[in-house]
Structure formats: C-alpha cells, structure tokens
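Numbering (my numbering) for the sequence shown: 976 to 1045. Written out below as structure tokens is the structure these notes cover.
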Amino acid sequence: MFTLRTLLIAVLFGLLSIGVLSCEKKGPAEKAGEKIDQTVEKAGDKMEEAGEAVKEKAEEAKEEVKKKTE
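Here's what the structure looks like:
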C-alpha cells in the first residue's frame, strides 16, 4: 500500500508540473486577448484625456461669460 500511495503522489505531482509548465506558454488567443486589453486601456486613457480637455474648455467658457456679464 505504501508504494502505491507513493506512486500516486508522484504521478499527481508530475501531472501538476506538466499543467503548470503548459500554462506558462501564451497561445494565440491569450496574446490576442492581451492586445485587446491594451487597446481598450489606451482608448479609455484617450477618452479620459478628451473629457479633461472638454472640462477645461467649459471652465474657460464659464469664466469668459462671468467676466462679460459683470
């Protein structure tokens, strides 16, 4: 029984090792997913920058109107 248990543990350890090693390699789908993530993140950054620019212009316009109505 002891040798059977040892054998099973060794086999399970081997299978887990193979599983971990195979997960380290990036397949085409994972690479594509990472590119999509990067593209979405860049687009979000650009939208945030555009939002900040609009906010700044709105503040400037507000100040202009305030100066002209005083």
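The C-beta atom is built at its ideal place from N, Cα and C for all residues, glycine as well. Computed from a prediction, not measured in an experiment: that's the story for all the values here.
Where do the N-terminal and C-terminal ends of the alpha helix (DSSP H) with residue i fall, by residue?
i, result
"Gly1002", "No alpha helix (DSSP H) contains Gly1002, which DSSP labels as neither H nor E."
Specify the secondary structure class of residue i as computed by DSSP and reduced to three states.
i, result
"Glu1023", "helix"
"Glu1045", "coil"
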